[in-house]
C-alpha cells in the first residue's frame, strides 16, 4: 500500500482497533465536549440533526444497562458509556409548534435516515476520541434490549437507543491488533455491481482471519462460519428479531 | 471553545462543509483506494462487513442517475460519484455455501445495522478524502428512486443503494461556509434524556441559522420551518414514503 496517498488522518483511521479494556483515568467534560462537538460538525441529512447522545458515568446505571444486554465489562468499566439516540422528538415539537403534525415519522425512511446519521456522527466522535489518545468500541448490543434501555434513560416518544459506545484511555495490556478486512477489491466496484468480485480473494481473507484470531488465542476460526452463526439463525440475533416492535414502542413505526 | 482539547483530526472535522462544486481535476484510482481502504478499517458490526461501494465516473451513467433523482449538477459534475450499497449478498452466499439459509435477512434489525455501518464507513471515507484535499457531499437523494438506481447499477437481491456521495477537488469559487449546528447543550445529555435541554438555546440557533443563509443570499430562513416542510408533509419526502416497498424489492423486508 506504500504507493497510495496518505495523511495523518488516514494513518489514524487505518490504526483503528476496538478497545474494550480501559484504565481508570476519567474522560473529562472538556474531552467529551470536544468529541461530541466534532461529531456535530459532520454531515446531517437535510440539516435535520436527528440525534442526541447520553453520557453515562454513574456506576450503578452502567451496571444496570450492562445487565440488561448480557453483562459486559467493557460497559461497566468504561469511564463513560455513550448511548446514541435517534431523536425526532425535537423535530416533532418544532413541527407541532407551527400547527403541523409529524406526518412522516411512521415511515421507514426516517428510521433509516436516523441510523445513517447516527453512524456518521458516532464514527466522527470515535475518531475524534482516538485523536486525543482515547479509544473505544461500538456497542450494538444495546439493541438486544431497547425497552429496558429506553426506560432507564427516560426516552420519550420519537427517541430510540440506536447504538452504544464505550470510551476511555486504552489499557495497554489488552493487546488486540488490527482485525483484517476483506481485500479492497472485494468491496469496491466500478460503474456497476459485480457479484463475483469478492470471490477470488475469499480464501486469502479466511487465512488472514484465522491467523488474526489464532494470534489472540482462538485458533480455527472462519469468517464464513461466524457470518452463518450470526446471520443464519434467529438465535444469532440475541433478541433483536423483535426490533420492529421495539421501534414501534418508541414511535418509529417503520412502515 | 479555546479551552477544549483538540487535534489535527478534530480541526479537520470542525472545518467540514459539504462541497457541491468541483474542479475538473480527476479523482485517481490511488486516491480512491486510499479513501475506501480507510473506510474499511472503521468499525463494522460483528465484522459482518455489510457494504459495497460503486465508483461511477462514466458521464452518461452519472447523467442517468442524476436524472432519476431530480437532476443535480453536483452528481453529473462530480469527478467520481460513489454509491454506498447495503450488501448482504456476500453474506447470503457464504451462509448458503454451508447449507444454511439467510434466516434473518427479512428482519428490520439487519436493515438498520446496514444503515449504521454505511454511515460509519461513508463518513470515514469522506473525512479521508478531506484529509487529501478533496471534498464532497452525501447524496441521500438516491433514495428518492431506489428502483432506477438498483437497475442501473445491476444490484442483486440483498443489495440496496443506501446513500450516494460526490467527491472531487473543491471549486474555491463555491464559497459555502460552516453551517451552524445546535449548541452542544442541545444534543448532549447526562445520565438520562432531558427533553427540555435544547429549548433555551433554540432562539440563538435560529438567529445563527438565519444569519448563515442570509450570508448565502437567502435571508429569512428558519430551521423550524425547514424541519416542518421536510418532515411534516409527505411531499417533503420526495418519493421516499414508499421506501419500505423499495427495500422489499431488494430483499430487505424489514419486518
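Protein chains in written order, with this note's numbering: chain Y, 22 to 276; chain R, 22 to 276. A virtual CB, placed ideally from N, CA and C, is assigned to each residue, including glycine. Just so we're clear, the structure is a prediction, and the values are computed from it rather than from any experiment.
Task: Local Cβ density within 10 Å of residue 92 of chain R, reported as buried at 16 or more and exposed below that - done: Residue mapping note: residue 92 of chain R aligns to position 71 of the second chain, counting from 1. The residue is exposed, with fewer than 16 neighbouring Cβ atoms inside 10 Å.
Open item on the list: Residues in the same chain with beta-carbon distance under 6 angstroms from residue 41 of chain R, minus the five sequence neighbours each way, listed in chain order, please.
Closed with: Your numbering for residue 41 of chain R matches position 20 in the second chain. Excluding residues within five positions, the ones whose Cβ falls inside 6 angstroms are 95, 158.
Open item on the list: Just to check my reading of the structure: residue 148 of chain R and residue 139 of chain Y have Cβ atoms closer than 8 angstroms, yes? What is that Cβ distance to the nearest angstrom?
Closed with: By 1-based counting over the second chain, the position of residue 148 of chain R is 127. By 1-based counting over the first chain, the position of residue 139 of chain Y is 118. Not really, about 16 angstroms apart at Cβ, beyond 8 angstroms.
Open item on the list: Do residue 73 of chain Y and residue 214 of chain R have their beta-carbon atoms positioned less than 9 angstroms apart in this structure?
Closed with: Walking along the second chain from the start, residue 214 of chain R turns up at place 193. Walking along the first chain from the start, residue 73 of chain Y turns up at place 52. It is a contact, given that the beta carbons lie within the stated cut-off.
Task: Beta-carbon gap between residue 25 of chain Y and residue 54 of chain R smaller than 9 angstroms - done: One-based indexing of the first chain puts residue 25 of chain Y at position 4. One-based indexing of the second chain puts residue 54 of chain R at position 33. A contact, by the Cβ cut-off of 9 angstroms.
- [ ] Note down the Cα distance separating residue 194 of chain R from residue 90 of chain R, rounded to an integer number of angstroms.
- [x] Translated into the one-based positions of the second chain, residue 194 of chain R becomes position 173. Translated into the one-based positions of the second chain, residue 90 of chain R becomes position 69. C-alpha separation (whole angstroms): 25 angstroms.
TODO: Name the two residues that bound the continuous alpha helix (DSSP H) containing residue 141 of chain Y.
DONE: Translated into the one-based positions of the first chain, residue 141 of chain Y becomes position 120. First-last of the alpha helix (DSSP H) with residue 141 of chain Y: 129–152.
TODO: Determine contact between the stretch 229–239 of chain R and the stretch 193–209 of chain R, defined as no fewer than three beta-carbon pairs at a distance below 8 angstroms.
DONE: yes
- [ ] Please state whether DSSP places residue 120 of chain R in a helix, a strand or coil.
- [x] Along the second chain, one-based indexing puts residue 120 of chain R at 99. Residue 120 of chain R: coil per DSSP, three-state reduction.
Open item on the list: Tell me which residues of the stretch 230–251 of chain R have at least one Cβ-Cβ distance to chain Y shorter than 8 angstroms, keeping chain order.
Closed with: 244, 245, 246, 247, 248, 249, 251
Task: residue 260 of chain R and residue 166 of chain R closer than 9 angstroms at C-beta - done: In the second chain, residue 260 of chain R corresponds to position 239, counting from 1. In the second chain, residue 166 of chain R corresponds to position 145, counting from 1. For residue 260 of chain R and residue 166 of chain R, yes; Cβs fall inside 9 angstroms.
Open item on the list: Less than 9 angstroms between the C-beta atoms of residue 128 of chain Y and residue 275 of chain Y, yes or no?
Closed with: Mapped onto the first chain, residue 128 of chain Y falls at position 107. Mapped onto the first chain, residue 275 of chain Y falls at position 254. Taking 9 angstroms as the Cβ cut-off, residue 128 of chain Y and residue 275 of chain Y qualify as a contacting pair.
- [ ] Taking C-beta pairs closer than 8 angstroms, name the residues in chain Y that residue 221 of chain R reaches, listed in chain order.
- [x] As a working note, residue 221 of chain R is residue 200 in the second chain. Here the premise fails: no neighbours, minimum Cβ distance about 13 angstroms.
Task: Beta-ladder partner(s) of residue 180 of chain R, from DSSP - done: Numbered from its first residue, the second chain carries residue 180 of chain R at position 159. According to DSSP, which records beta bridges pairwise, residue 180 of chain R is partnered with R:108.
Task: Span of the beta strand (DSSP E) around residue 99 of chain Y - done: The residue given as residue 99 of chain Y occupies position 78 in the first chain. Note, residue 99 of chain Y: premise wrong, no beta strand (DSSP E); not H, not E.
- [ ] Mind checking who residue 2 of chain Y pairs with in its DSSP beta bridge?
- [x] There is no way to answer for residue 2 of chain Y, as the model of chain Y reaches only from 22 to 276.
Task: Closest residue to residue 222 of chain R among R:205, R:254, R:45 (Cα-Cα distance) - done: For the purposes of this step, residue 222 of chain R is taken as residue 201 along the second chain, with counting starting at 1. Here the closest residue by C-alpha is R:205.
- [ ] Check each residue of the stretch 195–219 of chain Y: if its Cβ is closer than 7 angstroms to any Cβ of chain R, include it; give the result in chain order.
- [x] 200, 202, 203, 205, 208, 209, 210, 211, 212, 213, 214, 216, 219
- [ ] Give a yes or no on whether 9 angstroms exceeds the smallest Cβ distance from residue 187 of chain Y to chain R.
- [x] Taking the first residue of the first chain as 1, we reach residue 187 of chain Y at position 166. No, because no Cβ of chain R sits closer than 9 angstroms to the Cβ of residue 187 of chain Y.
Open item on the list: Please identify, using Cβ separations under 8 angstroms, the residues of the stretch 72–102 of chain Y that lie next to chain R, in order along the chain.
Closed with: 72, 73, 74, 75, 76, 77, 78, 79, 82
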